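Visitor: Per our numbering, residue 763 is the first one in the sequence shown, and the count goes up by one each step.
Cβ coordinates follow ideal geometry from the N, Cα and C atoms, glycine included.
From a predicted model like this one, the values you see are computed outputs, not experimental measurements.
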Amino acid sequence: MMTVHVLHAGDGYTYLTRQVAAGDHSVRRGEDLTDYYTAEGNPVGEWLGSGLANLGVSGNVSEEQMQALFGDGLHPDAEAAIRAAVAGGASPEDAVQASRLGRRFPRIQPKLDGWDDAVADAYQAFEVENGRSPEVGVERDLIRWNIAAARVAATLQRPGADAEVATHLSHMGKAARQPVAGYDLVFTPVKSVSVLWALGDEATSQQVREAHNAAWQATVAWLETEAGVTRVGAGGVAQVDTHGFVATAFEHRDSRTGDPNLHTHVAVSTKVQGLDGKWRSLDGRVLHALGVAASERYNTLVEQEVRNRLGVGFVDESRGRNKRSVREIAGISRELRDSFSSRRAAIEDAYETLVQEYVAKHGHTPPKTVQLSLAQRATLETREGKSAPKSLSRQRAEWRLAAIKIIGQVAVDTIGATVRQPLQLSVQDEILAGLSVDELAERVLNTVEDSRATWRRSHVAAEAQRIARAFANVRPGVDAQQVADQVAQAVMTRVIGVSAPALNPVPEQLQREDGESIYRVHGTERFTSTRILAIEDSLIDAARTVAGFTVDPATFIATVEALNAASAYPLDASQVELARRFASGGRLLEVGIGPAGTGKTTAMRAFARAVEAGGGRVLALAPTAAASTVLAEEIKVEAETAHKLVDVHRHGSAEQRESDQYRIDSNTVLLIDEAGMASTPLLADVLELAQQHGATIRLLGDPAQLAAVESGGALRLIEQRVGASYLDQVHRFIDTDEAAASLLLRDGASASLDFYVTADRTRGGIRQSMLEEIYVAWAADREGNRHSIMVAGTNDEVAALNARARLDLVGQGVVGKSGAVLHDGNKAGLNDVIVTRQNDRKLRSNQGKDFVANGDLWTVIDNEGGDLKVKSLRHGGVLTLPAEYVATHVELGYAATINRVQGMTVDTSHILVDPQSTSREQLYVAATRGRESNRMYAVVEDTLEVDAHAPDHLRTSILDALTTVLARESAERSATEEIQQAQDAAASLSTLLPAYEDALSRVYDPSQLERMEVAVRDVLDTEIADRVVRDEAWTHLASRLAAYEAHGADVRARLTAAVWAEDTGPGSTVESFAKIYHHRIGAPAGTATETGLPSWVSPPPAGVDGDNRDTRAWLHTQAELIHDRTQALVDTATANPEPWSAKIRPVPEDASLQKAWRRDLGNVVAFRDLNQINDTESPLGTVRTDDDAYTAAAASLERLRAVEDNVATEARRRVAGLRQRLSGDTDLGGAVDVAERVRRLRERHLEEEKPASNDDPIQRGPGHRPTV
C-alpha cells in the first residue's frame, strides 16, 4: 500500500534521516550519512524526480541537502553555493536569496499561552502536597478549572462566570501553524512479501526487493504525470504544469520494533518548478485525492512483479468485518506473519502506558523529544536490551530463527518452493478468468455504483486495479496494469459527467499541456451512471404518485384521540401531522424527517395503530436486525431488515414470502426506519417490491444523521424535490438549552458549541488521555446508577475503552477474570456485557422468537471451553454462543462505535471526538444520545508513533477541533443533487470571477507584476523593496496597485502615501511590509461603469488588435457571463427578498436612481455569490477589511440602507409631480428631458454628501523611503 504523510518545514524531515533511513539509531551531527548507512547496511537515500533536471542534483542524499530543501526551502546544495557567493563578495542575505527556491517558508512566531507550564506547576504542587499525581476526573478537572479561573479573573479584573472560565479552557493549547515542506509517500508491500524477502534465499530476497523497487518507482512516475501541478494567481485560482517532482527515497528494512518490513519512504518536496521557470509550491490537493488510486496501482505492480519474477500466487484474505480483504502470497501462513507483528503491538502498548504516565505526572503532552525517548524506552522494556545496528545478513539470520520457532525448520527451508506451488482455482476463479475486458468493466461499474452515487476517475482506477490483480492471478501471462488501464477506460465510456462543462471554454493560453482548463482542479471531475439517475428519478416519481393504501381522515383522528386519552404525554402537533401524512397522505412514497429526540417512535406508533384501524398492516424495515427487533417491540408491528425482505422475495420459498414477517400486499405499508442509512439501490429494490404488490412506502429518517455506507443521498433528494413532513419539537433532553443546541449542531452552526463549551461539556487532550477521561466519567455515571455509554469512532478505540472498563470490573470482582477470547482481542468472563456483531438466524432464544442479531447486547452467565452462555439484555432469552462465533463475532459491550449508537437513548454519553476523522453527522448522532448530558472529549494533539513517525496534524484547541468537525459533512449527496450543484457552481461568480481576474491580470497582461515591482522599487528602499516582493502577500499588493493603475491613478503616489517613517524606526513590529501597505492603500473607489460588472472588477480589455486575441475574446465573453449572472442575482433578490435585505430601501421609481440602486444591490449579491455566503441573516458575512470586493460591497450596502433626508424626499416629490403634469403630453422627448434634469440634480446632491473616496491622497505628510 501507499500512505501519504505531511512533512512540516523546519525539522519535519528529520525522522527520515535520523530514524527511518538510519534505523533505530540517530545520525550524529556532522556524520556522513553514506558511511553511516553503509556501516549499518541500510541503503543510503537517493535523489529522484523529473524536477531534478534543472537543479543539477543526483545520486546520494546528505543530511545537509535534506536540511536545505526540506528545512529551509533552498537548493539542496545551497550551503556550498552560499559559501562561494559570500566569498565572492555577496552579502549573506543575497547569497541565501540566490539559493532560495521560490518564496521562503512562512516564518510563524509561536504565541505561547503559558498553559502547559501553569498546569505542570499545579500538578507538581499537588504531588508535593498529596504525595501522588492528581487522578483523572475530578482532581485534574479542578486543577485546570482553578488555573483558568485565575487567568480569567486577572484579565477581566473580576471573578469570571463559569461560562467565561469554560470558554477560556476551550481556547487553550493551540500550536502555531507550520508550513508544509513536503509529503512522505510510504510504499509498503503486504506482510507476506516482506516475510518472503526476509526468509527466502538470497536470490529470492533480491528478486522481491527489485520487485518492490520497480513497483514504487513506476507509481511515483505515474504520480508525477497526474499530480505534478502547482497553483498560480490570486488565491491559487489557476493550476498549471510543472517540470515534475523533486524527491528523495529512503529504503528501510524493518520496523522500529524489529520485524521484517521492507518499505520505502519517498519524500516529495513541496518545491516544484513551473514551465515558466519559477519555483512554487506543489498543489497537494491532487496528491491527496489520488492517494487511494496510487496505493492500488502500487499493489497491482508489486504483486505482478513478484508473481512474474518468482511464479508465486496470491489469495484474498479477510481482514474482518467491514474491512476490505488483502491479497497475500499463497503458502505463507497467517500465523507466521502475525508472529512478526506481535512485538510491535507489545511495544505500542508499552509506549502508550509511558505517555499516559507522563501526562498524569505533568498535566500536558510530552514534548516530541520526550516522546521519542519514551518510544525508545518502550522498545527496551519489551526486549532484552537493544543491540548494535546489524547487517542485513544478520537480520535475516535472526528472522529465520524466529520463524523456525513458529513453523519449524523444514517449513522455513522450503518456503521458496512452497510459495511456487500452483494455485487450485475455484469455480469463481475460473469464471473470472473467462471474462472479457468489457465484462470486467461491467463488474467494476456495478461495484462503484453500489458504493457511491457519484465518483471520481480515481475511484474507477482504484477498483479497476483491484479486479485486474485478481484477474491476472488466474490468467497467467496477462499484464495486470495493462488490464487495469483497459478496464478503467471501458468503464469511463459508460459513465455520465456530473461536473458541468465550462460555460466559456478556455483558449489554448489558459490550458494545461493535456488540454484541460487551468481553472479546473485536475482529477476532481465527478461522474455517475444512467442506472443511478434512473433510480433517483423513480424514487422522485414515486413520491409524486398517488397510489396504495390510505386511512380515511375520520379513522385517523379517532385513533389519535384514543392514543392521547390513554397517554400522559399526548402527541405534539408535528407528530400528529407526520403520522397523518404517513397514514392518509395517499402517495406511493412519503417522507418524514425527524431530528434526534423529536419522538419519531411515538409518531410511528400512532401511524401503525391508524393503519391497523383502517384495515391495513405496517411492515417495518430497519438498517440492522437488532434495530428491527427493537422497532418491532416499540411500535408493535412485524419488522425485518430491508436487505432480508428483498432477499426473501428474490430467493426465498413461497412459504417464506407469504409469512407475516415478509408478506406484502395492497394493504401493506412498508415503513423504512433510519431511511438515510438505506442505500439508493436498496430503496429502489424495495420500491420495485412495493409496486409489484400494490404496497406503499414510508421513509422515516434524518439526512443530518448517519448516512448509507453505500450509494446514498436519496432521502435528502426526495425531501428537496417533493417535500416531507417534519418533527419540530425535541423531547429527549432534560435541559431545554441542550435541546436548542442540538438543533444548531444538526445544522453545523458554530453557535451550537457555545452551549457545550459554557456548560463545561468539553475536554481536550491526547488520545490516550481522552480515552482514560471517558472511562473515568463513564464509571462514575455507572456507579451513580445512570445508563451511560462510551462512544468512539473506530473499532480499535472502542476495544481500548472496553478493555479499560473490564480491567476495573475484574479488580472490583464484578466480572470474572478468566474467560473466552473475543473478536476484539479482549476477554469476556462471568457477568461481562458483550455485543454480538453478526446475524445468525440459526442461534435462537426467547423460545425461538428471536435470533442472534448484529448489535444485540448480552450478559455472560457462564463460560466453558470458549463457549459463552449468555442472557439477552433486551428480552431475557438465554442461549449458548459457540466458541467459533465468539472468537469471530463477539466484542465487549461497554463502549460502542457511533454507527451502533444511532437510535439509542441513554442517560449520559461520553464521546471521543477526532477532528481529523469525525464528521458533523457523527458528532450530532453521538451528542444526542444522553437525556441528562452528552460530553465531548476532543483529541487536540497526536503523539509520535512508536516508530518516531511525526503526526500529520499540529496541536489545536478544543474549540477549533470541534469547529473543524462541524465543517466536515460526510453524508453523500445524490447524483441529481450533485449535477444541480455543479451547474450552479459553473454559473456562479465564485467560478467566473476569479478566472476572469486571473486571466486579465496574469495572462492577458503578463507584464503587470513586473510593472508593479518597478513602481515598488522606485518608491522604496532597496532592502524594503526586496522584502516586499519576496513576501507571500506580494501578489495581493501588486493586484491592488494594478487596480489603481486601471483607474488611472498614480501608483507611485499611492504607495508613497502608505509609507510611514515609524515602520522602520526603533521598536518597529512590522513583519510584513506587503500586508501593511496593502491595508493602508485600501481599495480604489468603485466607478459607475457601463459594463454592468461589480464595481471592484476591471472591465475587459478594449480594442481588437494586438497580442492575445483569443484571451481577449474569452475575457469579453466571461465579462458578459459575469454581467448576466449579476443581473439575474439582482432580479432574484428583488423578486424574492431574503431576511438580510429587510433594511434595504425599496426600489426607487426614478429610472436613474433605480439604475444606481440596482448597481449597488448588484455589488452586494455579487459579493455573496463570489464568497458563497448562504447565511440568510448576514448580508456580507464576516468582515474582510483588506478585501477590495468586501469594501465595495459594504459601501453599496450602506448606500442601500441610507435613510432619505428631507431634501431627497422633496426631490422624489418633485419627480412625481413632474411626471403627473407630463402624463398627458405625447412629446416623449420633453418628458425624458425633464426627468434627465431631475436626475442630474439628484446626483449632484448625492455627490455633495458622498464621503471622500480612496482616490483622495492619504494625509500622512511627506513620503519617506524607509530603511532596515
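For the segment 1766-1776 and the segment 1942-1956, state whether three or more C-beta atom pairs, one from each stretch, are separated by less than 8 Å.
Guide: No, because fewer than three Cβ pairs between the segment 1766-1776 and the segment 1942-1956 fall closer than 8 Å, the two stretches do not touch.
Visitor: Can you tell me whether Glu1900 is helix, strand or coil according to DSSP?
Guide: Here the question's residue 1900 lines up with position 1138 in the sequence shown. In this structure, Glu1900 counts as coil in the three-state DSSP scheme.
Visitor: Which runs of the alpha helix (DSSP H) spanning at least 4 residues fall entirely within the segment 1665-1750, listed in chain order?
Guide: The qualifying runs are 1682-1688, 1720-1728, 1737-1749.
Visitor: Grouping DSSP H, G and I as helix and E and B as strand, with all else coil, what is Val1288?
Guide: Position 526 of the sequence shown, counted from the first residue, corresponds to residue 1288. Reading off the sequence, residue 1288 comes out as Arg, not Val. Arg1288: strand per DSSP, three-state reduction.
Visitor: Nearest to Arg1508 by alpha carbon, out of Ile1480, Lys1589, Pro1465?
Guide: The residue labelled residue 1508 in the question sits at position 746 within the sequence shown. Considering only alpha carbons, the answer is Pro1465.
Visitor: Short check: CB of Arg1874 to CB of Leu1962, under 7 Å?
Guide: For this step, residue 1874 is matched to residue 1112 along the sequence shown. For this step, residue 1962 is matched to residue 1200 along the sequence shown. Contact flag unset, no.
Visitor: Give me, in chain order, the residues of the same chain whose beta-carbon lies closer than 6 Å to that of Tyr799; leave out the 5 immediate sequence neighbours on both sides.
Guide: Translated into positions along the sequence shown, residue 799 becomes position 37. Note that Tyr799 scores a pLDDT of 31, beneath 50, so its modelled location is shaky; the value from the coordinates is reported in the next line. The residues are Val806.
Visitor: Expressed to the nearest angstrom, what Euclidean distance is found between the alpha-carbon atoms of Asn1588 and Gly1578?
Guide: Walking along the sequence shown from the start, residue 1588 turns up at place 826. Walking along the sequence shown from the start, residue 1578 turns up at place 816. Whole-angstrom Cα-Cα distance: 13 Å.
Visitor: Could you tell me which residues DSSP puts in a beta bridge with Met1552?
Guide: Residue 1552 sits at position 790 when you count from the first residue of the sequence shown. Ala1657, His1672.
Visitor: What does Phe1076 pair with, by DSSP beta-bridge criteria?
Guide: For the purposes of this step, residue 1076 is taken as residue 314 along the sequence shown, with counting starting at 1. Note: Phe1076 sits in a beta bridge opposite Ile1091.
Visitor: Beta-carbon separation of Ile1533 and Ser1336 under 7 Å?
Guide: Counted from its first residue, the sequence shown places residue 1533 at position 771. Counted from its first residue, the sequence shown places residue 1336 at position 574. In the sequence as presented, Ile is not what sits at residue 1533; that position holds Leu. It is not a contact, given that the beta carbons lie outside the stated cut-off.
Visitor: In three-state DSSP terms, what is Met828?
Guide: Taking the first residue of the sequence shown as 1, we reach residue 828 at position 66. Helix.
Visitor: I need the straight-line Cα distance from Pro1443 to Leu1433, nearest angstrom please.
Guide: Within the sequence shown, residue 1443 is the residue found at index 681, counting from 1. Within the sequence shown, residue 1433 is the residue found at index 671, counting from 1. Near 17 Å, if we compare the C-alpha coordinates of Leu1433 and Pro1443.
Visitor: How long is the line joining the alpha carbons of Ser1155 and Trp959, rounded to whole angstroms?
Guide: Within the sequence shown, the letter at position 393 stands for residue 1155. Within the sequence shown, the letter at position 197 stands for residue 959. Cα to Cα, the separation comes out at about 12 Å.
Visitor: For Ser956, which residues in the same chain have their Cβ closer than 7 Å to its Cβ, ignoring the five residues on either side in sequence?
Guide: Residue 956 sits at position 194 when you count from the first residue of the sequence shown. Counting only Cβ-Cβ distances below 7 Å, and skipping sequence neighbours, we find Pro1022, Asn1023, Leu1024.
Visitor: Report all residues from its chain with a CB closer than 7 Å to the CB of Leu1185; omit the five preceding and five following residues, and keep chain order.
Guide: Taking the sequence shown and counting its residues from 1, one reaches residue 1185 at position 423. If we look at Leu1185 and ignore the five residues flanking it on each side, its Cβ neighbours are Gly1075, Ala1092.
Visitor: Exposed or buried, which one is His1221 when buried takes at least 16 other CB atoms within 10 Å?
Guide: Start at 1 with the first residue of the sequence shown, and residue 1221 comes out as number 459. Answer is buried; the Cβ neighbour count reaches 16.
Visitor: Is the CB-CB distance between Arg1071 and Gln1171 below 7 Å?
Guide: Here residue 1071 is taken as the residue at index 309 of the sequence shown, counted from 1. Here residue 1171 is taken as the residue at index 409 of the sequence shown, counted from 1. For Arg1071 and Gln1171, no; Cβs fall outside 7 Å.
Visitor: In whole angstroms, give me the CA-to-CA distance for Asp1812 and Tyr1806.
Guide: For the purposes of this step, residue 1812 is taken as the residue at position 1050 of the sequence shown. For the purposes of this step, residue 1806 is taken as the residue at position 1044 of the sequence shown. One C-alpha to the other measures close to 7 Å.
Visitor: Going by CA-CA distance only, name the one from His1455, Glu1481, Asp839 that's closest to Glu1352.
Guide: For the purposes of this step, residue 1352 is taken as residue 590 along the sequence shown, with counting starting at 1. The candidate whose alpha carbon is nearest that of Glu1352 is Glu1481.
Visitor: For the segment 1716-1726 and the segment 1228-1247, state whether three or more C-beta atom pairs, one from each stretch, are separated by less than 8 Å.
Guide: Contact between the segment 1716-1726 and the segment 1228-1247 is absent, because fewer than three Cβ pairs lie under 8 Å.
Visitor: Should Asn1933 and Pro1856 be called a contact, given that it needs their Cβ atoms to be closer than 7 Å?
Guide: Walking along the sequence shown from the start, residue 1933 turns up at place 1171. Walking along the sequence shown from the start, residue 1856 turns up at place 1094. Cβ atoms of Asn1933 and Pro1856: not closer than 7 Å.
Visitor: By DSSP, does Met764 sit in helix, in strand, or in coil?
Guide: Numbered from its first residue, the sequence shown carries residue 764 at position 2. Residue state, collapsed to three classes: strand.
Visitor: Please confirm if Leu961 has its CB atom under 7 Å from at least one CB of chain D.
Guide: Structure shown: chain D not included; a single protein chain is present.
Visitor: Check this for me: beta carbons of Lys1633 and Thr1621, under 7 Å apart or not?
Guide: As a working mapping, residue 1633 is identified with position 871 in the sequence shown. As a working mapping, residue 1621 is identified with position 859 in the sequence shown. In this structure, Thr1621 lies closer than 7 Å to Lys1633 by Cβ.
Visitor: Taking C-alpha atoms, which residue in Asp1669, Phe1289, Ala1562 lies nearest to Ser1213?
Guide: Walking along the sequence shown from the start, residue 1213 turns up at place 451. Nearest of Asp1669, Phe1289, Ala1562 to Ser1213, Cα basis: Phe1289.
Visitor: Whose CA, out of Val1008, Gly998, Trp1858, Val898, lies closest to the CA of Asp946?
Guide: In the sequence shown, counting from the first residue as 1, residue 946 sits at position 184. That would be Val1008, whose Cα lies nearest to the Cα of Asp946.
Visitor: Go through its chain and collect everything with a Cβ distance to Thr1363's Cβ below 6 Å, but skip five positions before and after it.
Guide: Position 601 of the sequence shown holds residue 1363. Within the same chain, Thr1363 has close Cβ partners Glu1396.
Visitor: By Cβ distance, which residues of its chain are closer than 6 Å to Ala880, with the 5 residues on each side in sequence left out?
Guide: By 1-based counting over the sequence shown, the position of residue 880 is 118. Excluding sequence neighbours, Ala880 sits near Ile909.
Visitor: Could you give the distance in angstroms between the alpha-carbon of Gln1066 and the alpha-carbon of Ile1741?
Guide: Reading the sequence shown from its first residue, position 304 is the one you call residue 1066. Reading the sequence shown from its first residue, position 979 is the one you call residue 1741. Distance between the alpha carbons of Gln1066 and Ile1741: 38 Å.
Visitor: Buried or exposed for Ile1884, going by 16 or more other Cβ atoms inside 10 Å?
Guide: One-based indexing of the sequence shown puts residue 1884 at position 1122. Answer is buried; the Cβ neighbour count reaches 16.
Visitor: Measure the C-alpha to C-alpha separation of Ala1056 and Met763 and round it to an integer number of angstroms.
Guide: One-based indexing of the sequence shown puts residue 1056 at position 294. One-based indexing of the sequence shown puts residue 763 at position 1. Approximately 8 Å between the Cα atoms of the pair.
Visitor: If you check the beta carbons only, do Pro1756 and Val1189 fall under 7 Å apart?
Guide: For the purposes of this step, residue 1756 is identified with residue 994 of the sequence shown, where counting begins at 1. For the purposes of this step, residue 1189 is identified with residue 427 of the sequence shown, where counting begins at 1. Not in contact: Pro1756 and Val1189 (Cβ atoms no closer than 7 Å).
Visitor: Ignore the nearest five residues each way along the sequence and tell me which others in Ala989's own chain have a CB closer than 6 Å to its CB.
Guide: Here residue 989 refers to the residue found at position 227 when the sequence shown is read from its first residue. Closer than 6 Å at the Cβ level, and outside the excluded window around Ala989, lie Val1048, Leu1049, Leu1052.
Visitor: According to DSSP, what are the bridge partners of Arg1606?
Guide: To locate residue 1606, count along the sequence shown from 1; it is residue 844. Bridge partners of Arg1606: Phe1613.
Visitor: With respect to the beta strand (DSSP E) encompassing Thr992, which residues constitute its N-terminal and C-terminal limits?
Guide: Counted from its first residue, the sequence shown places residue 992 at position 230. Thr992 -> beta strand (DSSP E) spans 991-994.
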